[in-house]
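Q:
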Amino acid sequence: MNPPAADPLAAGLLERLPLLARDALTGALPEPWRWVANGLLAILAIIVVFSSLFALLTLAERKVLARVQNRPGPNRAGLPLTRFRLGGLGQPLADGIKMLTKEDIVPRGADPVLHFLAPVVLLALSLLTFAVLPYGRLLVPVELEAGVLYFFAAGAATELALFMAGWASRNKYSLLAAMRALAQLISYELPLLLAVVPVVLLAGSLSTSGIVAAQAGWDLGFLPRWFVLTPWGFASFLIFLTAALAESNRSPFDLPEAESELIAGHLTEYSGFKYALFFMAEYLGMTALAGLGVTLFLGGWRAPLPFLEFVPSYAWFGLKLLALLFVFIWIRATFPRLRIDQLTRLAWKFLVPLALLNLGTAALWALTAGWGPALQPLRWLGAVALVAGPFVLLGRGLTAGLRPRTYRFA
Amino acid sequence: MIALAAIALGTLAAAAVALALRDLIHSALLLIASWVGIAAFYLWAGAEFIAFAQVLIYVGAISMVVLFAVLLTRPPTAPATPVRSGRTVPGFLAGGAVLGLLAGAVLSSPLPAGMGAAPAFGVRELGLKLLGPHAGALLATGALLTVALLGAVVLAAGRGKEDAP
Chain A
1 MNPPAADPLA
11 AGLLERLPLL
21 ARDALTGALP
31 EPWRWVANGL
41 LAILAIIVVF
51 SSLFALLTLA
61 ERKVLARVQN
71 RPGPNRAGLP
81 LTRFRLGGLG
91 QPLADGIKML
101 TKEDIVPRGA
111 DPVLHFLAPV
121 VLLALSLLTF
131 AVLPYGRLLV
141 PVELEAGVLY
151 FFAAGAATEL
161 ALFMAGWASR
171 NKYSLLAAMR
181 ALAQLISYEL
191 PLLLAVVPVV
201 LLAGSLSTSG
211 IVAAQAGWDL
221 GFLPRWFVLT
231 PWGFASFLIF
241 LTAALAESNR
251 SPFDLPEAES
261 ELIAGHLTEY
271 SGFKYALFFM
281 AEYLGMTALA
291 GLGVTLFLGG
301 WRAPLPFLEF
311 VPSYAWFGLK
321 LLALLFVFIW
331 IRATFPRLRI
341 DQLTRLAWKF
351 LVPLALLNLG
361 TAALWALTAG
371 WGPALQPLRW
381 LGAVALVAGP
391 FVLLGRGLTA
401 GLRPRTYRFA
Chain B
411 MIALAAIALG
421 TLAAAAVALA
431 LRDLIHSALL
441 LIASWVGIAA
451 FYLWAGAEFI
461 AFAQVLIYVG
471 AISMVVLFAV
481 LLTRPPTAPA
491 TPVRSGRTVP
501 GFLAGGAVLG
511 LLAGAVLSSP
521 LPAGMGAAPA
531 FGVRELGLKL
541 LGPHAGALLA
551 TGALLTVALL
561 GAVVLAAGRG
571 KEDAP
């Protein structure tokens, strides 16, 4: 089922372009140093690419939110020292300079070491997760046998940094936000992991490239065999998306920094570049989770149609990543924020049972893999029923006894 | 060998300082640092799966439980806990008992004489071993942890009544 490992020479020139560029830079070095230089180059590439993506993402988010709310969004800052505005493309640069030149304030009662350490730890951990994502057929920075586990191990520790920020600020709003962050992240870690387990089960591999390899091939000649196009994969993808939104503190789960209730949550006592680092870590975390979602469910770097395979694989990964990020921004623009009790109830009474049942569906799917074409409709019907039935029933249980609220002005 | 010494020194130093500090949150964070050190040791030994599992479970989950427990049981502005000497002797006894048990188990388990290269163990083999021959041990550990969790809930529920305003 799995194709043999990709042969670098068989791939097209465009496909090999990043590797050729790398070899042109480091090819002259002797062997141990070349390995080190290649590693450093990969780290540099990840930092440069995803930092610029972060800068553009802040602008894109403000622009998209503005368009949804029927206003133009930032459109003044353009090319520096010229009259070209480029629709506000210079905004990230202006924001960066503003953040760098602002005063860095540490409250007198704060724990100075932890207050300083929190954004640094958060950013470092967010960057670590990028190491195992397969960006292209030949572009995997670190090939690990337990790559998915590595991703979650690096991501799990970000909660700690959030807590450090909230506690070290010695501010009741920060601390309350830290407690909320802990409750939320613990609640949503479980559905996130449970949504990934069926993929690992069906792919038979914990390595990210192995999971992409398991999604190779076409059904009926044109339908890609991505996991999202199976009943259990679709359910897993939706659970993953919801939990990923909660894990990256995005709306509608942005309770830890709910500005209408908790000032700015754990960011209240941060200013200047530390504040910017928090934002950078948050966007990087969101990008990494979106990248993992693309890898696990949307076929990774694979083309969506057979005749489109001439486009280099990293372009497909980038396109899918941007599409998923757009969905995240879209959700932020259109959903109201949940209350803390609704948030935990959604996780424990809806997402976790659904994910557990979905695990059973995936196991059934794996057991019936050998069924012939005559039994395939039965297999699909059964799996769809197993996914849709609990969804409807649990959803009814979640909203039982709740009617739309009527507001009366006293 | 230098790497191992550095990892061991860092882990032990973090654990020792965690014991000595009176600020509970600082202690907890240093304890987490020592867990990271243990994960680094697993990585050094080539057991990447165990290392990532250690980080995921200890640094990601158990640390949260510890911090939650600290924050929920005492207000953050409370003065540092005074030294209570009454618990020193039982504490040392319990710690020593655990140490003795572990040391006894390690010393009494036979090691193959010719320890050559480390066996190349994939994640798949590890999973098959865990759920095949060692499934009983895994289940027993799970049951033990569940009982511990239930005990913690019972203790916390008992305390909540006294603290209620």
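As given, the protein sequences belong to chains A and B, one line each in that order. Quick note on the numbering used here: the first sequence kicks off at 1 and runs consecutively. Quick note on the numbering used here: the second sequence kicks off at 411 and runs consecutively. Where a beta carbon is used, it is the ideal one built from N, C-alpha and C, also for glycine. Source: prediction; values computed, not measured.
In whole angstroms, what is the alpha-carbon distance linking residue 443 (chain A) and residue 367 (chain A)?
A: No answer is possible for residue 443 (chain A): the residues shown for chain A start at 1 and end at 410.
Q: May I ask you to report which of helix, strand or coil DSSP gives residue 301 (chain A)?
A: In the first sequence, the residue the question calls residue 301 (chain A) occupies position 301. In the structure shown, residue 301 (chain A) falls within a coil segment according to DSSP collapsed to helix, strand and coil.
Q: Please check if any C-beta of chain A sits within less than 8 angstroms of the C-beta of residue 426 (chain B).
A: One-based indexing of the second sequence puts residue 426 (chain B) at position 16. Residue 426 (chain B) is outside the set of residues whose beta carbon lies under 8 angstroms from a beta carbon in chain A.
Q: Strictly under 8 angstroms for the Cβ-Cβ distance: is residue 420 (chain B) near chain A by that measure?
A: The residue labelled residue 420 (chain B) in the question sits at position 10 within the second sequence. Output row for residue 420 (chain B): interface = no.
Q: Quick one: does residue 156 (chain A) have its CB under 8 angstroms from some CB of chain B?
A: Counting from one through the first sequence, the residue named residue 156 (chain A) turns up at place 156. With 8 angstroms as the cut-off, residue 156 (chain A) counts as an interface residue toward chain B.
Q: Starting from the Cα of residue 65 (chain A), find the closest Cα among A:399, A:115, A:409 and A:327 and give me that residue.
A: Position 65 of the first sequence, counted from the first residue, corresponds to residue 65 (chain A). Answer by Cα proximity: A:327.
Q: Could you give the C-beta distance for residue 232 (chain A) and residue 362 (chain A), rounded to a whole number, given that I count them as a contact under 8 angstroms?
A: Numbered from its first residue, the first sequence carries residue 232 (chain A) at position 232. Numbered from its first residue, the first sequence carries residue 362 (chain A) at position 362. 4 angstroms between Cβ atoms; contact.
Q: Hey, quick one: how far does the alpha helix (DSSP H) through residue 312 (chain A) stretch, first residue to last?
A: Your numbering for residue 312 (chain A) matches position 312 in the first sequence. Taken as a continuous stretch (DSSP letters only), residue 312 (chain A) belongs to no alpha helix (DSSP H), as it is neither H nor E.
Q: Looking at the C-beta of residue 435 (chain B), does it have a partner C-beta in chain A at a distance below 8 angstroms?
A: By 1-based counting over the second sequence, the position of residue 435 (chain B) is 25. Yes, residue 435 (chain B) counts as interfacial toward chain A.
Q: Quick check on the DSSP output: the alpha helix (DSSP H) that includes residue 421 (chain B) runs from which residue to which?
A: Indexing the second sequence from 1 puts residue 421 (chain B) at position 11. Here the alpha helix (DSSP H) through residue 421 (chain B) covers 412–430.
Q: Under the rule that 16 or more other beta-carbon atoms within 10 Å means buried, what is residue 86 (chain A), buried or exposed?
A: Counting from one through the first sequence, the residue named residue 86 (chain A) turns up at place 86. Residue environment: residue 86 (chain A) is assigned as exposed (fewer than 16 neighbouring CB atoms within 10 Å of its CB, all protein chains considered).
Q: Quick check on the burial criterion: 16 or more other C-beta atoms within 10 angstroms. Buried or exposed for residue 575 (chain B)?
A: Taking the second sequence and counting its residues from 1, the one referred to as residue 575 (chain B) is at position 165. Because residue 575 (chain B) carries a pLDDT of 42, less than 50, the predicted location of this residue cannot be relied on, and the following value inherits that uncertainty. Exposed, since its Cβ has fewer than 16 Cβ neighbours within 10 Å.
Q: Along chain A, in chain order, which residues have C-beta atoms closer than 7 angstroms to that of residue 473 (chain B)?
A: Working through the second sequence from its first residue, we reach residue 473 (chain B) at position 63. What residue 473 (chain B) touches in chain A: 160.
Q: Could you work out which residue in B:550, B:462 and B:554 is closest to residue 206 (chain A) when comparing CA atoms only?
A: Residue numbering aside, residue 206 (chain A) sits at position 206 when the first sequence is read from its first letter. Comparing Cα-Cα distances from residue 206 (chain A) to each of B:550, B:462 and B:554, the minimum goes to B:462.
Q: Cα-Cα, which of A:302, A:310, A:244 and A:164 is closest to residue 320 (chain A)?
A: Here residue 320 (chain A) refers to the residue found at position 320 of the first sequence. Of the candidates A:302, A:310, A:244 and A:164, the one whose C-alpha sits nearest the C-alpha of residue 320 (chain A) is A:302.
Q: If you drop the 5 nearest sequence neighbours on each side, which residues of the same chain put their C-beta closer than 8 angstroms to that of residue 334 (chain A)?
A: Counting from one through the first sequence, the residue named residue 334 (chain A) turns up at place 334. So the list reads 68, once near-sequence residues are dropped.
Q: Taking 8 angstroms as the threshold (beta carbon to beta carbon), is residue 502 (chain B) in contact with chain A?
A: Residue mapping note: residue 502 (chain B) aligns to position 92 of the second sequence, counting from 1. Residue 502 (chain B) does not count as touching chain A.
Q: Under 8 angstroms by Cβ, that's how I've got residue 198 (chain A) and residue 359 (chain A) pegged, so tell me the actual separation to the nearest angstrom.
A: The residue you call residue 198 (chain A) lines up with position 198 of the first sequence. The residue you call residue 359 (chain A) lines up with position 359 of the first sequence. Sure, about 6 angstroms apart at Cβ, within 8 angstroms.
Q: Would a check of beta-carbon distances place residue 145 (chain A) closer than 8 angstroms to chain B?
A: The residue given as residue 145 (chain A) occupies position 145 in the first sequence. Closer than 8 angstroms: yes.
Q: Counting contacts by CB-CB distance shorter than 8 angstroms, is residue 451 (chain B) in contact with chain A?
A: Taking the first residue of the second sequence as position 1, residue 451 (chain B) is located at position 41. Closer than 8 angstroms: no.
Q: Note down, in chain order, all residues in the region 185–207 of chain A with a beta-carbon under 9 angstroms from any beta-carbon belonging to chain B.
A: 185, 186, 189, 193, 204, 205, 206 and 207
Q: Label residue 63 (chain A) either buried or exposed according to how many other C-beta atoms from any shown protein chain fall within 10 Å of its C-beta, with 16 as the threshold for buried.
A: The residue you call residue 63 (chain A) lines up with position 63 of the first sequence. Buried, by the Cβ-count rule.
Q: Would you call the region 124–141 of chain A in contact with the region 285–304 of chain A, where contact means no fewer than 3 C-beta pairs closer than 8 angstroms?
A: yes
Q: If I measure Cβ to Cβ from residue 221 (chain A) and keep anything under 8 angstroms in the same chain, skipping five residues before and after, which residues do I get?
A: Start at 1 with the first residue of the first sequence, and residue 221 (chain A) comes out as number 221. Cβ within range, chain order: 306.
Q: Using a Cβ cut-off of 8 angstroms (strictly closer), state whether residue 167 (chain A) contacts chain E.
A: No chain E is present in this structure, whose protein chains are A and B.
Q: Taking the continuous alpha helix (DSSP H) assigned at residue 53 (chain A), which residues delimit it?
A: On the first sequence, residue 53 (chain A) is found 53 positions in, with the first residue counted as 1. Note, residue 53 (chain A): alpha helix (DSSP H), 31–68.
Q: Using three-state DSSP, classify residue 23 (chain A) as helix, strand or coil.
A: Your numbering for residue 23 (chain A) matches position 23 in the first sequence. DSSP places residue 23 (chain A) in helix when its eight states are reduced to three.
Q: Please state whether DSSP places residue 254 (chain A) in a helix, a strand or coil.
A: If you number the first sequence from 1, residue 254 (chain A) lands on position 254. Coil, per DSSP.
Q: Quick one: what does DSSP say residue 224 (chain A) is sitting in, helix, strand or coil?
A: On the first sequence, residue 224 (chain A) is found 224 positions in, with the first residue counted as 1. In this structure, residue 224 (chain A) counts as strand in the three-state DSSP scheme.
Q: Looking at the secondary structure, which residues open and close the alpha helix (DSSP H) in which residue 514 (chain B) lies?
A: For this step, residue 514 (chain B) is matched to residue 104 along the second sequence. Per DSSP, residue 514 (chain B) belongs to the alpha helix (DSSP H) from 498–518.
Q: Nearest CA to the CA of residue 383 (chain A): which residue from A:375, A:213, A:372 and A:365?
A: On the first sequence, position 383 is the one that residue 383 (chain A) refers to. Nearest C-alpha to residue 383 (chain A): A:365.
Q: With a cut-off of 8 angstroms, does the C-beta of residue 407 (chain A) fall near any C-beta of chain B?
A: As a position in the first sequence, residue 407 (chain A) is number 407, starting the count at 1. Not closer than 8 angstroms to any Cβ of chain B, the Cβ of residue 407 (chain A) fails to qualify, so no.
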